[in-house]
Amino acid sequence: AFYGCTGLSTLSFAGITERLGTESFANCNTLASVIINDKMEVIGEGAFAYCRNLKNLDMSATTTNFIIEDYAFFDCYALNDVKFAPNTEEIHEGAFAVQSSATGLWKNIVFPEGITVYGDYILSGRANAEKVVISASYGSSSTATIQSGFFRGCVNLQTVEFPDTGTGSCQSLEFPTNA
């Protein structure tokens, strides 16, 4: 719809938008800020891919069950302030992966509670990431799997936390050797 648009710097969605389709705003290089509304359910594949000046992403107003599809924010390397929707259920493959992390200040990444699907390569290439907090409930009812490419290229990563909220979090975690 707006692929490659050069006139957008801020994007805020009205309360009626429920889904962003594939590559809707991909390659909009002047886009710096995105605010997602309370009705949004799905950010489609590559919806904001290659928006290399996107710094601020606020999905916190979303009240529906929320899904971020494959490569939705791929190569948005300037991201430094990301507020997740509290009802985020799934984050798919490569959603926040980058090819080059020469810039960007997203150092502390906190995923919200309730995510049941973490795809592979989600944070791949985020060399500036220092701390990642995985939702405490991940793995509480079944074996959780952190795919082999999840943290690929996160060379400054110092801490991965699975906080215990008293709900018996993370009973079993696997790190597969082959993916």
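Each residue of the sequence shown is one higher than the one before, starting from 124 at the first, in the numbering used here.
For each residue, glycine too, the CB sits at the ideal point set by N, CA and C.
Quick caveat: nothing in here was measured; it's all calculated off a predicted structure.
8 angstroms contact criterion, which Gln270 and Glu253 should meet: CB distance rounded: No, Gln270 and Glu253 are not in contact; Cβ-Cβ is about 21 angstroms, not under 8 angstroms.
Enclosing beta strand (DSSP E) for Glu168 [first to last residue]: Premise fails: Glu168 is in no beta strand (DSSP E) and is neither H nor E.
Top-ranked residue by Cα proximity to Ile190, from Glu213, Ala170 and Tyr173: Closest by alpha carbon: Glu213.
Extent of the continuous beta strand (DSSP E) to which Leu180 belongs: Counting along the chain, Leu180 sits inside the beta strand (DSSP E) bounded by residues Asn179 to Asp181.
Sequence-distant residues of its chain with Cβ nearer than 8 angstroms to Asn176 (five each side left out): If the five residues before and after Asn176 are omitted, its C-beta is found closer than 8 angstroms to the C-beta atoms of Asn152, Thr153, Leu154, Ala155 and Ala201, all from its own chain and listed in chain order.
Proximity winner among Ile158, Ser260 and Phe197, relative to Ile238 (alpha-carbon distances): Taking each of Ile158, Ser260 and Phe197 in turn and checking the Cα distance to Ile238, the smallest one comes out for Ser260.
Segments assigned beta strand (DSSP E), at least 3 residues, entirely inside the segment 218-274: List check, beta strand (DSSP E) in window: 231-233 and 254-256.
Straight-line gap, Leu228 to Ile139 (C-alpha atoms, nearest Å): Leu228 and Ile139: Cα-Cα distance of roughly 32 angstroms.
Member of Gly167, Met163, Thr133 and Ser135 whose CA lies at the smallest distance from the CA of Thr145: Residue Gly167 holds the alpha-carbon nearest to the alpha-carbon of Thr145 among Gly167, Met163, Thr133 and Ser135.
Minimum Cβ-Cβ distance from Ala155 to chain C less than 8 angstroms: Although the question refers to chain C, the structure presented lacks it and comprises just one protein chain.
Euclidean distance between Cα positions of Tyr244 and Ser147: Each residue's alpha carbon lies about 22 angstroms from the other.
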